[in-house]
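Residue numbers (our numbering): 204 to 1125.
Okay, here's the thing in structure tokens:
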């Protein structure tokens, strides 16, 4: 051997010895010497290195650290039977998951029941398993003998190859082939016969290792060394399980050339019967046969999977394997897919509630499908809306409205509308419905009234809140908030961003509660508005291909909620929190679709002076009076002498659609003197009393005799309002009066928006030109942002002195929202802008504009003296005439005026000017 290889091996052995010494030293420090043999364990890799050491070195280390040869043998046996590593187990599991086939839709296909039982490695050590008395002792078994009494003895006995155990100073005794109980009795008798006054205890220290062969359809066939008490299932675990084509129910155990047993895994897994899982013996052969027949069970069963069947097994037995049918399974019509004699797939309907259906034999390749029962109830009556206990109730013969709603106090919310309720009834199995309207208070109070309608199966009673109110709306908001959080829309970060965006848009719809709790009330309202505009969730999804934001997601969720509000039990309990228009959504959708639409949309609408305008179902014998009740009643502003009904109809001769308007007395309809019946698609308009809106107010403040808010009538002049306020006080400064108007403020706001848009466009266009290369877009945008922050005032220049005198040329008509502020006397002249010191000075009649500019220190170098202007106290602007560049003509000022010196936007300093001049010459 080359010298470098010899040196390499010696150095490698020295490193191994050092590692093992460190390990044993650590064990000696951490564990008591008496327990060391039970506690200290070496990894398989360390044990392999230990065995490669010279025999003398092994004995020296064992003697130094108090280890026995039996400890190392026991450790070696454990390593052969344990999982190689946790990583292998994990990777095996991952591989199993990845190897599962998927169908075309990407979903996992059904798996064979019980196939994964043997695929994961397990610790097969039987060290702590009690040994039964029937265990047959054989060569290799290690027995622990303890003698106590007059004499004490503890000895570990090994059954030698000749089948005997040797006890020091006593003798050797053959025990191979005896049961463990017989061996215990034999040794106790022999020892007691030679040692008087002692007791003998015998236990199993270590089981012998036997060899078993696994053959057939397993993943790793071959020979395996296992403990003597190992069973068939434990051996199959070592072979990494049964293959995909192996049988779980036809496992054969051969011994000495004969079949001594069969193991059916289903007996163990389904029935808990382990009688077939017998202990193996030396030389046994476990044979796994190919699977004979597989059947798939899908649908409403406890364990949908692929099951192995034996010849002659029935559908009843197959259903037992699958754990039985779920409570919601429709067993009266199970479907079996089967390949017939012509090798064509066929369908077979079975009634699993009968013995005949259950006794049908299952065949290989069958697919048993159990569908679910319908979620609808044949004998249900639905109560929804403003009731204490919304839900589904059992219908019985003779049931009426007050059978379910008996008390105002215990059955209805305090917000319930007692004048209006609906009964929705299916009149055909095609979904056609009819809607009946009744007086809820009359139905509860008077059992004999026509409003206490008799109910039929599948009727729906809808009770509404007053006007368009809702009961404890925050519970509905919380319901959707939790759904949003569960869906991952409203985590902490998205809530903060969403709130910030809403705040920047000037909306206070989103609030914080308990740190981060999103209130979605306004979003729910927005979702319903979008739904009413026919922006269906499916349409939005098709347009965006993704949920772009929280509002669209919530809209889709809310539409789904409304669609099943009267059918889904959980959603039905939330209907008490719905408004009138929301509760009617499902009914209106039904009337707009299917047979209901073909028969003419039985929908009418009302607008104008009613509490809840909108669309409503056309009820049986519906009239203007019932429609007004559906809309929550009339407002106090309703004009009783006239209302208008618009009706569309098809002209018989031409077939064209025509529209006619019918006017009638609303007073007579309410009183019952006239009855206007409705037709599908009628539109009712309730007019307002002329000049009903008395909320026309003007606010006067400042130096008026009686400041305050004054209600005005249409066409009233400002002079009349001022006269009602007692006129101006003597100290009033009429020339400085500030008059603002709401409409003017709105126009100014629009002008600011247009200006900012125009500036943005100009900046963008200028940045594309060579002259605009030096333009800083960020600075320009910052300037525009400042402009947009300017709040419009809406000031209108008026002559209060002339108005006070009722001058027709100065007087104006007062409007709602007008405000007049009259300041006290002001005798100052203000100078602002590009002056050395902006300041205010006492008015002196003899002083001119130039004088006041001089009092302010004169104009600055960048001032544009040609464009000096004056803002009068009344808000008007006066531009004096200029006679030269830096001189302003002498013009008279008035108390309260402000002199403004603007900035010269084309100013150039001397250096820039001379630079341009030299460029001309050169």
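A virtual CB, placed ideally from N, CA and C, is assigned to each residue, including glycine. Only a predicted model underlies this, so the values are computations on that prediction, with no experimental measurement involved.
Residues in the same chain with beta-carbon distance under 6 Å from residue i, minus the five sequence neighbours each way, listed in chain order, please.
i, result
"residue 916", "none"
"residue 212", "Below a pLDDT of 50, predicted positions are generally treated as unreliable, and residue 212, at 42, falls in that range; the measurement from the model is reported next regardless. Result list for residue 212: empty, nothing under 6 Å."
"residue 423", "442, 443"
"residue 746", "For residue 746, the pLDDT reaches just 38, beneath the cut-off of 50, and the residue's location in the model is therefore unreliable, although a value from the coordinates is still provided. Excluding residues within five positions, none has a Cβ falling inside 6 Å."
"residue 407", "334"
"residue 509", "313, 315, 497, 499"
"residue 903", "910, 928, 1023"
Cα separation between residue i and residue j?
i, j, result
"residue 999", "residue 789", "52 Å"
"residue 1052", "residue 933", "29 Å"
"residue 515", "residue 568", "14 Å"
"residue 682", "residue 688", "10 Å"
"residue 928", "residue 910", "6 Å"
"residue 724", "residue 779", "In this prediction, residue 724 scores a pLDDT of 47, lower than 50, which makes its location untrustworthy; the coordinate-derived value is nonetheless stated afterwards. Roughly 15 Å separates the two Cα atoms."
"residue 287", "residue 570", "At residue 287, the pLDDT of 35 sits below 50, so the modelled position is not reliable and the matter cannot be decided from this model."
"residue 1095", "residue 1055", "11 Å"
"residue 620", "residue 536", "46 Å"
"residue 981", "residue 1109", "22 Å"
"residue 782", "residue 964", "45 Å"
"residue 1074", "residue 1100", "6 Å"
"residue 524", "residue 577", "25 Å"
"residue 945", "residue 994", "13 Å"
"residue 662", "residue 759", "27 Å"
"residue 1072", "residue 938", "18 Å"
"residue 851", "residue 611", "41 Å"
Using DSSP bridges, identify the partner residues of residue i.
i, result
"residue 497", "511"
"residue 428", "414"
"residue 1135", "In this structure the chain extends from 204 to 1125, so residue 1135 is not present and cannot be described."
"residue 913", "901"
"residue 482", "434"
"residue 316", "The partner list for residue 316 (beta bridge, DSSP) is empty, contrary to what the question assumes."
"residue 382", "339"
"residue 352", "401"
Please confirm whether residue i and residue j have their CB atoms less than 8 Å apart.
i, j, result
"residue 575", "residue 531", "yes"
"residue 646", "residue 618", "no"
"residue 555", "residue 522", "yes"
"residue 818", "residue 808", "yes"
"residue 465", "residue 479", "yes"
"residue 921", "residue 1014", "yes"
"residue 924", "residue 1017", "yes"
"residue 350", "residue 394", "yes"
"residue 343", "residue 362", "yes"
"residue 399", "residue 387", "no"
"residue 587", "residue 665", "yes"
Return the residue from the list the options that minimises the CA-CA distance to residue i.
i, options, result
"residue 884", "873, 864, 895", "864"
"residue 444", "320, 371, 664, 906", "320"
"residue 889", "901, 904, 873", "873"
"residue 908", "548, 1026, 658", "1026"
"residue 1060", "1039, 1077, 1073, 477", "1039"
"residue 1045", "1030, 417, 1037", "1030"
"residue 1083", "1098, 1102, 954", "1102"
"residue 843", "501, 866, 347", "866"
"residue 412", "662, 855, 340", "340"
"residue 990", "938, 960, 1005", "960"
"residue 366", "377, 356, 358", "377"
"residue 660", "566, 581, 761", "581"
"residue 451", "410, 458, 421", "421"
"residue 1036", "1067, 1047, 561", "1067"
"residue 492", "468, 936, 370", "468"
"residue 446", "403, 458, 494, 430", "494"
Can you check whether the C-beta of residue i is within less than 8 Å of a C-beta belonging to chain C?
i, result
"residue 607", "Here chain C cannot be found, since the structure has a single protein chain."
Which residues in the same chain have their Cβ closer than 8 Å to the Cβ of residue i, if we skip the five residues on either side of it in sequence?
i, result
"residue 834", "809, 813, 814, 815, 816, 817, 819"
"residue 636", "627, 628, 629, 630, 790, 793, 794, 799"
"residue 462", "455, 456"
Grab me the residues of residue i's own chain with a C-beta within less than 7 Å of its C-beta, minus the 5 sequence neighbours each way, in chain order.
i, result
"residue 777", "679, 682"
"residue 332", "432"
"residue 470", "476, 479"
"residue 895", "840"
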